[in-house]
Amino acid sequence: MPEILDQARIQVLENGVGLDEAGVLAVLNLPDEHLPAALQLAHEVRMRWCGPEVEVEGIVSLKTGGCPEDCHFCSQSGLFTSPVRSVWLDIPSLVEAAKQTAATGATEFCIVAAVRGPDARLMKQMREGVAAIKAEVDIQVAASLGMLSQEQVDELVDMGVHRYNHNLETCRSYFPNVVTTHSWEERWETLRMVRESGMEVCCGGILGLGETVEQRAEFAAQLAELDPHEVPLNFLNPRPGTPLGDRPVVEGKDALRAIAAFRLAMPRTILRYAGGREITLGDLGTRDGLLGGINAVIVGNYLTTLGRPANADLQLLDDLKMPVKALSATL
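Oh and the sequence shown: position 89 is 89 in full-length UniProt numbering, straight run, nothing missing.
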């Protein structure tokens with residue numbers, strides 16, 4: 001057994017203290033023959049510190065396309081030739097999407113907008129949409145609307161939004177290679193305000209943007225420092241017309257190594273399967289990740305790419321005897 005896994009068994013599994021950046025890097029560099037042991041340990045950590053339940057979430061885009069930012073992976077940027085046009089979703093359609101999400105057994109419904117940050121029109125649409133959903137659907141509402149002001153944070157709290165998603169996307173040192181129209185620090189400031197407001201913080205990123213293994217470890221350590229309630233792990237699904245449209249897909253074993261490493265860095269965090277797992281891991285790899293530290297999934301489609309059918313993920317969870325987390329009666 002590699003020394004790093006022996007160390008992690010005591011430090012992480014027994015004591016609940018996550019690996020530091022050097023420890024994460026050691027896991028990311030494990031030879032293939034030690035990957036099953038790393039995934040098994042990560043699964044034990046997840047069961048010990050998070051339990052067997054899996055949180056299921058659906059997402060919908062309130063405003064799609066036409067974003068002024070230049071995130072190099074995103075086909076919703078208005079600066080690239082990607083074939084996504086600006087579209088707004090009406091309130092009845094938003095409520096219907098929430099109902100369909102709840103029907104899968106999901107407890108979380110995230111409203112997403114492709115913007116730098118919300119303007120007055122978007123905040124009005126959010127207020128009306130959240131109120132309409134809460135009136136008709138028994139589901140928790142989360143939001144992802146870009147960078148916020150303090151006033152907007154307070155308004156979302158007042159609406160009853162309980163969790164805010166704002167991904168750092170990648171580590172601080174690599175971020176300028178991915179986005180140039182705003183800074184990593186600006187994203188961090190929004191996350192700070194969200195945390196202080198009492199909303200849950202959801203913050204993750206995308207692996208396979210061209211970062212080195214060392215920068216992947218740096219990213220895990222920075223997320224651990226933030227200590228978000230939830231970390232969505234995406235794997236780049238290269239989009240035609242974007243600057244990263246020609247990048248190769250992350251190798252399945254590298255993706256699984258990352259899942260184990262991120263779990264060992266953050267033993268108590270909800271670690272969520274998000275975009276790109278279908279092409280990176282396929283069905284077998286998806287199962288391996290659920291047995292290697294993952295304890296939440298987005299079901300159905302993503303914002304601009306197709307996901308697995310919701311019933312396929314729910315059947316897999318049933319096969320693995322992993323109960324879907326119930327909606328908290330206190331919310």
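Glycine included, each C-beta is placed from N, C-alpha and C at the ideal position.
Compute the beta-carbon to beta-carbon distance between residue i and residue j, rounded to the nearest angstrom, for a pair I have assumed lies under 8 Å.
i    : j    : result
V213 : N29  : 7 Å
V54  : N295 : 6 Å
V161 : A142 : 7 Å
When the Cα atoms are used, what is the spatial distance from residue i to residue j?
i    : j    : result
G23  : R247 : 27 Å
P118 : D32  : 44 Å
G266 : A217 : It should be pointed out that residue 266 corresponds to Met in this sequence rather than to Gly. Rounded to the nearest angstrom, the two C-alpha atoms are 12 Å apart.
I270 : D227 : 11 Å
A114 : I10  : 43 Å
F235 : L317 : 21 Å
V157 : H72  : 31 Å
L320 : L233 : 21 Å
D6   : T286 : 26 Å
R239 : L39  : 30 Å
S82  : R116 : Its pLDDT being 49, under 50, S82 is placed unreliably in this model, and the value from its coordinates should be taken loosely. Distance between the alpha carbons of S82 and R116 is about 18 Å.
T181 : D70  : 6 Å
N15  : V137 : 40 Å
V297 : V45  : 18 Å
L13  : P2   : 16 Å
F109 : G208 : 26 Å
E196 : R48  : 28 Å
G205 : L168 : 6 Å
How would you write the range of the alpha helix (DSSP H) that residue i sits in, first residue to last?
i    : result
P52  : Element bounds for P52: n/a, residue is neither H nor E.
S197 : W184 to S197
I4   : E3 to A8
D254 : G252 to A265
I'd like the list of long-range same chain contacts for residue i, defined as Cβ closer than 6 Å, with 5 residues on each side in sequence excluded.
i    : result
Y174 : E211 and Q215
L145 : A113 and P118
A102 : V137 and I139
With a threshold of 7 Å on Cβ separation, who are the neighbours of residue i within its own chain once the five nearest residues in sequence on each side are excluded?
i           : result
M123        : Q152 and E155
T190        : M147, L148 and H166
P52         : M322 and P323
C171        : E211, Q215, E218, F219 and Q222
E128        : I91
I4          : G23, A26 and V27
residue 372 : This structure cannot speak to residue 372, because the chain is shown only from 1 to 331.
Look up residue i in the DSSP assignment and give the residues it is bridged to.
i    : result
F73  : Paired residue(s): none; F73 is not in a bridge.
I298 : E57
E155 : DSSP output for E155 lists no bridge partner at all.
C202 : N165 and E230
S149 : The partner list for S149 (beta bridge, DSSP) is empty, contrary to what the question assumes.
V324 : V54
L207 : F235
Against chain D, with Cβ distances strictly below 7 Å, would residue i count as a contact?
i    : result
T170 : Structure shown: chain D not included; a single protein chain is present.
Which two residues bound the contiguous beta strand (DSSP E) that contains residue i?
i    : result
V27  : First-last for V27: E21 to L28, but that is the alpha helix (DSSP H), not the beta strand (DSSP E).
R239 : Where R239 is concerned, there is no enclosing beta strand (DSSP E), given that its DSSP letter is neither H nor E.
I270 : I270 to Y273
A106 : Run containing A106: none; DSSP gives neither H nor E here.
Q140 : Q140 to S144
Excluding the five sequence neighbours on either side, which residues of its own chain have a C-beta within less than 8 Å of the C-beta of residue i, listed in chain order?
i    : result
K253 : D32 and L35
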